Amino acid sequence: MSTSSRRPAKRPRTNNDNVYHHSIPFNDDVDIVYSRDNLTRRVNDSVANTPAARIPQTTTNESWNAATSWAPQDDPEFALDADGGLYNDAVDGDIACEIVQMAKAPPKRSKVSLLSHLHILALTSKASTYDFYRALERMSDSSGINRPSNRYRALFRMIMQWRHLKMLKWAGRGNDPTGVSGTKLGELAIRCPSCPYPDINLPTGWADAPNEMKFLYMLFICMDANFRLKNQLVSNYSQDPGLGNGWAYMIPRVPYERYVLSRANDEDIHTCVGLQALAKANTKYSKGLRYTGVGGVVCGRSEMVMPLGVGNLQKGERYPNMDYIFGSRRTEHWPPEIQIPESIKLIPAIPKLHEPSHSGSDHQTFSFNTIPGVGETDGECIERLWGPHNILGNATKTQGPGSRQDVLDDHFNFWNWEKYVGFGRTLARKFKAAVALRNIQAEGHRGLTEALDSDLVAKWEKLCVEWESEGFKKTKKNPYQTDGLELTEAQVKKELAEEEGRRLAAGGVALHATGPSAFLVMGLDIEDTQRRVRRLAKDQFNLTLTEKGTLADQRNQLTVRIRAWERLQAIYMPGLLQYRTDLIARVPTAADDSEYPEDSKLWLPFNIPVEYRASVCIAGLPNAEEKLRTAQCYDALENVRHILKIKSRMVHFKNKNVRGQRDGTRSRSVIDGVHERARAAAAKYRAARSAKMNLSGPGDWELILQELRDTDLRSYQDPSRLRVRQARKGTLEDDQMEVIEDDVLEAEQEHGPDESDTALYNEPRTRRDGTGETRRTLSWIWVTQSRTPDAADETDDILRSEWAKSRARALRAKEEVLLIKEEMRRTLEYLKHQVASWTAHSTSASTESKGLAEGRAGFARCQASLQYALHEHFIALWQAPLGVDGDNGGNNNENADEDDDEGDDEPEEDPQAYDPNDNEDNH
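Residue numbers (the working numbering): 230 to 1152.
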């Protein structure tokens, strides 16, 4: 209102309830104002009980009446005089304000902009609806004093409906005459545009392509399980059935669970070494869980989730669950909906990261490095799907079964959409890298081939082709395998026993019922027992009474074995007593005064200097031990590799699936048990190599059986070690730390080469340190040959294996270029099909409402325009690779020129621009 200088004159006021005697009548110059009965003061009406308020006044009553007069607020400092100059202005302004208030109803529904905002935030941040609701509460009142009424459940229901309606809209169900009720299984999913679809993006006559080019039309499918996306027994399907069961990515529940229940007694998947024990240790406490995780199937090239490609797991990664999700096996037990045509050929493969963790016997059969037609596919794309979606477990774990399924469908749909619109830059980047790799591998293989005999190369080429063309399971000779080049300890024992038998058969004299080779074997076994007892006694102050009793029994048994073995020393090492007497006379500290039997020194030939060995041992005994020590080195080294494979797989499983202090501690204890085995194997190798060095002396064998440092004991996929950093204690909890796959790390310098030197630490690595394949240096234990090739046939086997691997690398790199060009062509054809489909939808819908028909047509034309824009954008990005051969679809001729500059003319990308597909793992 105006200032005091412009106030109109006051009217006199009575003392009767502070009510004005004079109300101002409404004339024709103002509109009729409606007000409530019990708050309206009219002329000549009793108003004694009416509260003092502005008239007319809007209230919550249901009855409205026309007002005939108006009076101002009961303000003792201000009043209007009908004769005053501000009368008309005040009345008009006050009535106009009241009219606006009457027309404005209080908001009781969430706005579309709010739901859209929450939806996008949920998809990008993976936060729960509850977190967003709490954020809205804090935005309304951060102090909590005037907290608004709880509307979380209403918001949760609205956002669930919003997700579902958006998926229906994006899939074009509003433009289909059958509407929502006509939605088919998997129809709401966004499909991979680069996958082959007959009659959509495959060329005419693709089924008649030459055998060497059929790989271009092969479908790559990867499957794996995720144990982070658990679901507790909250609600049930009767109360929470979900809004789109089986319409997108989650498979229909009823037939799936019916089949899984019928196969409840099938065994779990346990082909991954060491995984079974860890999985059992972390899934035995599954009480209260409806689902222990999910299994998924994705495109092996684009990483997009397949329609109906995700299913719940009731009890770990079991065969019935994964087979139903994949629908691969054809037996009489399988329902018709998951059987595939007989004409489809299945080629099994193991992802590159997981391959070393599986059995090494003939593993090339399932290796992406040797399977023809797979290019540089790594098979690990589903792991990149689980990575960003693991955090969803926090939001979906406590949701009802139906709403959880809808949330997962929505997030997988967003993941597919990000991949869909990012195909342009992703394929352009991959093509440029593939061309460079192809040229390098081709040139390297050409140089190796030219250095070899042409007849030998032709023989190996034929061997490789025969092996590759054979189906599964392969029976042809494996060109990549070098079997039987090393002598195991068991084989050496057998050979020594056979040699002793031949000596006796030729008239030799048996000095004792236990022969010399058996004498040596007994000594090596006692060495192993000493190491085992030493590890048990290392922490004897923390042992329980039972463990202390076990330690005492083992020491007693070891003492008896040592005494029995020493009685044989007088027979096979007759000069040992004199040698030890002379040694103690020269060096008094050389006397064996150990308190425990595990510390007693065993006098084997390797402990005797070379100049005394002939006088101490019988003839041939040092040579026999040298053979046994060599075999012992190979056995111990193979055991180390095998244990590291086991531990690597277990560490990967823990980092991917285990969270929480209880599960983390239990998993760690299982992994530590395997770690103890690695320490024992490392100690055995070091002892055997040290003995071989004394027996054989330095030589070429050291190139194969190298010194085993603690930094060498790391898994196949673990990069070279950094310098050891001392971490602050207490900064991370055990269950929060990700286990590093350095299996046995740097020993403390003050200790000798004993198994106690090795420990398990966590070593953080940064991007600058290098974590990828290009910056990795493998430990020598993974690349060393079995033994020095001293025979021509063995040399050929090793050389043949290396040439075959070089050939496979060159072929896979060449295939990758052709696959990417074909994927570009298929993607463009799929986008054309989408443009035509949406254009047809713009006129296909019929409705009685003209406005609805126009809305449907407008949305369809908008979607068609979007698909066309993506098509043109991709063509601009792929102009170099697709224009190499002069046509829009490219030329997948395997003899195409290998131009070093091919693909270098693609448009420059903004280095600061955000690209959700800019992921090094996608290469």
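Think of the CB as a built atom: it goes at the ideal place given N, C-alpha and C, for glycine as much as any other residue. Here the structure is a predicted model, which means the values were calculated and not measured.
Cβ-based neighbour list, Ala-1093, same chain, cut-off 6 Å, excluding 5 preceding and 5 following:
Val-1064, Trp-1067 and Thr-1068
State the beta-bridge partners of Ala-454 as determined by DSSP.
Gly-524
Per DSSP, Leu-462 forms a beta bridge with which residues?
According to DSSP, which records beta bridges pairwise, Leu-462 is partnered with nothing at all.
Give me, in chain order, the residues of the same chain whose beta-carbon lies closer than 7 Å to that of Arg-530; leave out the 5 immediate sequence neighbours on both sides.
Ser-423, Phe-449, Thr-606 and Glu-1052
For Val-534: DSSP bridge partner residues
Val-527
Between Leu-772 and Leu-780, which are expected to be in contact by the criterion C-beta below 8 Å, what is the C-beta distance as a whole number of angstroms?
7 Å
Does DSSP put Gly-540 in a helix, a strand or coil?
strand
What does Leu-518 pair with, by DSSP beta-bridge criteria?
Gln-461
Who are the Cβ neighbours of Arg-492 in its own chain at under 6 Å, not counting the five residues just before and after it?
Pro-549
Under the rule that 16 or more other beta-carbon atoms within 10 Å means buried, what is Ser-596, buried or exposed?
buried
Bounding residues of the alpha helix (DSSP H) (the contiguous stretch that carries His-1102)
1079-1106
Do the CB positions of Ala-624 and Gly-522 come within less than 8 Å of each other?
no
Reduced DSSP secondary structure (H/G/I, E/B, other) of Ile-579
strand
Can you tell me which of Leu-397, Pro-630, Arg-815 and Asp-822 puts its alpha carbon nearest to the alpha carbon of Val-463?
Pro-630
State the beta-bridge partners of Met-479 as determined by DSSP.
Val-539
To the nearest angstrom, how far is the alpha carbon of Val-599 from that of Gly-411?
Reading off the sequence, residue 599 comes out as Thr, not Val. Those two C-alpha atoms are separated by around 45 Å.
For Asn-1176, tell me which candidate among Thr-1072, Thr-704 and Leu-1040 has the shortest Cα-Cα distance.
Since the displayed the chain opens at 230 and closes at 1152, residue 1176 lies outside it and no answer follows.
Inter-residue spacing [alpha-carbon to alpha-carbon] between Ala-819 and Ile-813
6 Å
One question on the structure: do Pro-708 and Leu-692 come within less than 8 Å of each other, judged by their Cβ atoms?
yes
Using alpha carbons as the reference points, say which of Asp-768, Lys-443, Glu-795 and Ala-920 lies closest to Lys-574.
Lys-443
Helix, strand or coil, according to DSSP, for Ser-596 in the structure here?
strand
C-beta contact flag for Leu-621 and Lys-355 at 8 Å
yes
Looking at the structure shown, is Gly-373 part of a helix, part of a strand, or coil, going by DSSP?
coil
How would you write the range of the alpha helix (DSSP H) that Cys-610 sits in, first residue to last?
610-618
Sufficient close CB pairs (3 or more, under 8 Å) joining the region 1041-1050 to the region 397-408:
no
Pairing CB atoms from the region 1054-1064 with CB atoms from the region 1096-1113, are three or more of them under 8 Å?
yes
Taking the alpha helix (DSSP H) that Lys-413 belongs to, which residues open and close that run?
Here Lys-413 belongs to no alpha helix (DSSP H), and DSSP marks it neither H nor E.
Determine the burial state of Pro-1110: buried for a count of at least 16 other Cβ atoms within 10 Å of its Cβ, exposed for fewer.
buried
Check whether the region 659-668 and the region 381-397 touch, using three or more Cβ-Cβ pairs below 8 Å as the test.
no
Helix, strand or coil for Glu-605 per DSSP?
coil
Contacting residues, own chain, Cβ-Cβ under 6 Å from Val-1168 (five flanking each side not counted)
The structure shown does not extend to residue 1168, since the chain is modelled only from 230 to 1152, so the question has no answer here.
Helix, strand or coil for His-741, going by three-state DSSP, please let me know.
coil
Segment limits, alpha helix (DSSP H) that includes Thr-678
652-679
As assigned by DSSP and simplified to three states, the class of Ile-388
helix
Between the C-alpha atoms of Gln-710 and Thr-704, what's the straight-line distance to the nearest angstrom?
13 Å
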